[in-house]
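Peer 1: This is the structure I have questions about; it appears just below.
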Amino acid sequence: DLGVVAQHADRVAVMLAGRVVEQAATSQLFARAEHAYTRGLLGASLNLVDDLHYRGWKLPEIRHVRSDDGSAAFSVIPRAPYSSEDDARREADNAASVDAPLLSLHDVRIDYPQRHGKTTLRAVDGVSLQIAPGETVGLVGESGCGKSTLSKAILRLVPASGGQIRLRGTDLVPLRERELRPLRRHVQMVFQDPYASLNPRRTVGEILDTVLVVNGVSDARRRRTRIAAILDRVGLPGSAQQRFPHEFSGGQRQRIGIARALVLEPDLLICDEPVSALDVSIQAQILNLLVDLKRDLGLAYLFISHDLSVVRYIADRVHVMQAGRIVESGDHREIWRAPQHPYTRTLLDAVPGRKSEDARAA
Ligand code: ADP
Ligand code: MG
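For reference, each letter of the sequence shown is one residue, going 2 to 363 in my numbering.
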């Protein structure tokens, strides 16, 4: 995490495949990196100063290749502008469809029993928000503020104790499991730790096949075709089907997690800290993939993160959560420029490197 290093270290050494490729005083390294790999890392990391947004820019990526003699090679793919015509149209569509949101939460409350059920902890306390088709809504807030609890309640992995969770107008809260099942495939989840959420005893092909079988895709040939297509779409080779989750790197595992979420062709993906466990170069690859998928498939995202710079890049609208409540909401262009709520300002000030970057900018 370059932001943390910038804030805490006097000197920095950059390591690549077993070798230190560059060493310098922190300020020098961040101002004038010499090695192409260091510059790649700096380019791929997000911050709150550069006004990068997914509608304008694809993030730079570092691609690693290990050559036959064991030495490490890499290439830096620079950031690239996205064409904005489609987006202008899509934004207009989104604006038009606010009347018919894909997902609409109203006054959602979620309680956890505590001390053997004698008391309860209110983890989510009256949250209302809406997501339009094709929109990316960011949800930020400190660890423990209730983000994951809210996302689990949307999938009804935890019960809501009050409020409504409407998917295309149908309130999921009172539905029986049997009534809920056909609606489930429309909303899928991507987790922070794909490894923990993938069955270690099943090959990737079996994992994806099971998802389809359980959801009623009975035609085996149709399942095979869909699995091959989705692996290709997330950038994995067809041979991945025969391999087990532990044979993949962290970034590839997250591609598997995304494939599993997409194989049912949902309209909405809930991404709960999907890049928080990945280093900056892999993080950029996964964010670019999510943006591409959104464009190709018209997906909407609820993108949850404690990392403001990631949400700043990826979200159209942002909600800030504190202690179970939404304390501030805004368009991505406004919320960072002029945060109204003291908590949002506190979050911004807590971003490593931000104060020093402010000073540099000044
Ligand atoms: P976040 O995802 O924002 O870090 P969580 O939704 O995981 O926050 O947690 C919100 C609050 O609910 C925290 O106080 C946490 O300790 C509590 N909590 C989370 N899961 C459970 C659970 N299964 N049982 C009881 N309390 C829980
Ligand atoms: Mg969480």
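The beta-carbon is built from N, C-alpha and C at its ideal position, and this holds for glycine as well.
Quick one: does the C-beta of E274 sit closer than 7 Å to a heavy atom of the ligand MG?
Peer 2: Result yes, Cβ under 7 Å from the ligand MG.
Peer 1: Short check: CB of D268 to CB of P134, under 8 Å?
Peer 2: Their beta carbons are under 8 Å apart, which means D268 touches P134 by this criterion.
Peer 1: When the Cβ atoms of the stretch 279–288 are set against those of the stretch 31–49, are three or more pairs found closer than 8 Å?
Peer 2: Cβ pair count under 8 Å is three or more, so yes.
Peer 1: Suppose contacts are defined by Cβ-Cβ distances below 8 Å. Is A262 in contact with M190 by that definition?
Peer 2: Cβ atoms of A262 and M190: closer than 8 Å.
Peer 1: Cβ of S277 within 7 Å of any heavy atom in the ligand MG?
Peer 2: Incorrect: S277 has no Cβ contact closer than 7 Å to the ligand MG.
Peer 1: With 16 other CB atoms within 10 Å as the buried threshold, where does K356 fall?
Peer 2: Model confidence at K356 stands at a pLDDT of 48, short of 50, so the residue's coordinates are unreliable; what they give is reported in the following sentence. The residue is exposed, with fewer than 16 neighbouring Cβ atoms inside 10 Å.
Peer 1: Hey, quick one: how far does the alpha helix (DSSP H) through A221 stretch, first residue to last?
Peer 2: Residues A221 to R234.
Peer 1: Could you tell me the alpha carbon to alpha carbon distance between D194 and Q255, rounded to whole angstroms?
Peer 2: Going from the Cα of D194 to the Cα of Q255 covers about 8 Å.
Peer 1: By Cβ distance, which residues of its chain are closer than 8 Å to I336, with the 5 residues on each side in sequence left out?
Peer 2: So the qualifying residues of the chain are V319, V321, E329, S330 and T345.
Peer 1: What three-state label does DSSP hand T121 in the structure shown?
Peer 2: Strand, per DSSP.
Peer 1: Taking a cut-off of 6 Å, which residues have a beta-carbon closer than that to any heavy atom of the ligand ADP, in chain order?
Peer 2: After applying the 6 Å Cβ criterion, the set is Y113, L122, A124, G142, S144, G145, C146, G147, K148, S149 and T150.
Peer 1: Three Cβ pairs or more, each shorter than 8 Å: is that satisfied between the stretch 100–113 and the stretch 122–132?
Peer 2: Flag = yes, the stretch 100–113 and the stretch 122–132 touch.
Peer 1: Answer with buried or exposed for E62, where buried requires no fewer than 16 other C-beta atoms within 10 angstroms of its C-beta.
Peer 2: Its Cβ being crowded by 16 or more others within 10 Å, E62 is buried.
Peer 1: Buried or exposed for V21, going by 16 or more other Cβ atoms inside 10 Å?
Peer 2: Its Cβ having fewer than 16 others within 10 Å, V21 is exposed.
Peer 1: Quick one: is A260 buried, meaning 16 or more other Cβ sit within 10 Å of its Cβ, or exposed?
Peer 2: With 16 or more other Cβ atoms within 10 Å, it is buried.
Peer 1: Could you tell me how far apart the beta carbons of I305 and V264 are, in whole angstroms, since I believe they sit closer than 8 Å?
Peer 2: In fact, because the Cβ distance is near 21 Å, the residues do not count as touching under 8 Å.
Peer 1: Report the partner residues of R110 according to the DSSP bridge assignment.
Peer 2: Answer is D126 and G163, bridged to R110.
Peer 1: When the Cα atoms are used, what is the spatial distance from R202 to N216?
Peer 2: The alpha-carbon atoms of R202 and N216 are separated by roughly 21 Å.
Peer 1: Taking the continuous beta strand (DSSP E) assigned at D273, which residues delimit it?
Peer 2: First-last of the beta strand (DSSP E) with D273: L269 to D273.
Peer 1: Residues in its own chain within less than 7 Å of Q341 by CB, not counting five upstream and five downstream?
Peer 2: Closer than 7 Å at the Cβ level, and outside the excluded window around Q341, lie E329.
Peer 1: Rounded to a whole number of angstroms, what is the C-alpha to C-alpha distance between H9 and T27?
Peer 2: So the alpha carbons of these two residues sit roughly 9 Å apart.
Peer 1: Indicate whether at least one CB of chain B lies closer than 8 Å to the CB of N289.
Peer 2: Any reference to chain B falls outside this structure, which holds one protein chain only.
Peer 1: Here's a check: name, in chain order, each residue in its chain whose Cβ is nearer than 7 Å to the Cβ of A229, leaving out the five neighbours to either side.
Peer 2: Hits under 7 Å: G239.
Peer 1: Classify S310: buried if its beta carbon has 16 or more other beta carbons within 10 angstroms, exposed otherwise.
Peer 2: Buried, by the Cβ-count rule.
Peer 1: If we call anything under 8 Å between Cβ atoms a contact, is G325 one with V174?
Peer 2: In this structure, V174 does not lie closer than 8 Å to G325 by Cβ.
Peer 1: Classify S152 as buried or exposed, calling it buried when 16 or more other Cβ atoms lie within 10 Å of its own Cβ.
Peer 2: Buried is the call here.
Peer 1: Would I271 and I166 qualify as a contact pair, given that the criterion is a beta-carbon distance under 8 Å?
Peer 2: No. Outside cutoff.
Peer 1: Give the secondary structure of A37 by DSSP, where H, G and I count as helix, E and B as strand, and everything else as coil.
Peer 2: Helix.
Peer 1: Taking the beta strand (DSSP E) that G331 belongs to, which residues open and close that run?
Peer 2: Segment R326 to D332, the beta strand (DSSP E) holding G331.
Peer 1: Quick check: what's the CA-CA separation for L140 versus A18?
Peer 2: Cα to Cα, the separation comes out at about 35 Å.
Peer 1: What residue range does the alpha helix (DSSP H) around L294 cover?
Peer 2: V281 to L298 is the span of the alpha helix (DSSP H), which, as asked, contains L294.
Peer 1: Cβ atoms of V66 and L418: under 8 Å apart, would you say?
Peer 2: Residue 418 cannot be examined here, being either before or after the span of the chain that is shown, 2 to 363.
Peer 1: S76 to R338, Cα distance in whole Å?
Peer 2: Cα to Cα, S76 sits roughly 34 Å from R338.
Peer 1: With a threshold of 8 Å on Cβ separation, who are the neighbours of R158 within its own chain once the five nearest residues in sequence on each side are excluded?
Peer 2: Position check: residue 158 holds Leu in this sequence, whereas Arg was assumed. Closer than 8 Å at Cβ, skipping near neighbours: no residue.
Peer 1: Please work out which residues of its chain come closer than 8 Å, Cβ to Cβ, to C146, disregarding the five sequence neighbours upstream and downstream, and give them in chain order.
Peer 2: Same-chain partners within the cutoff: M322, Q323, A324 and G325.
Peer 1: Do you know how far the Cα of H117 is from the Cα of H54?
Peer 2: If you take the alpha carbons of H54 and H117, they lie about 46 Å apart.
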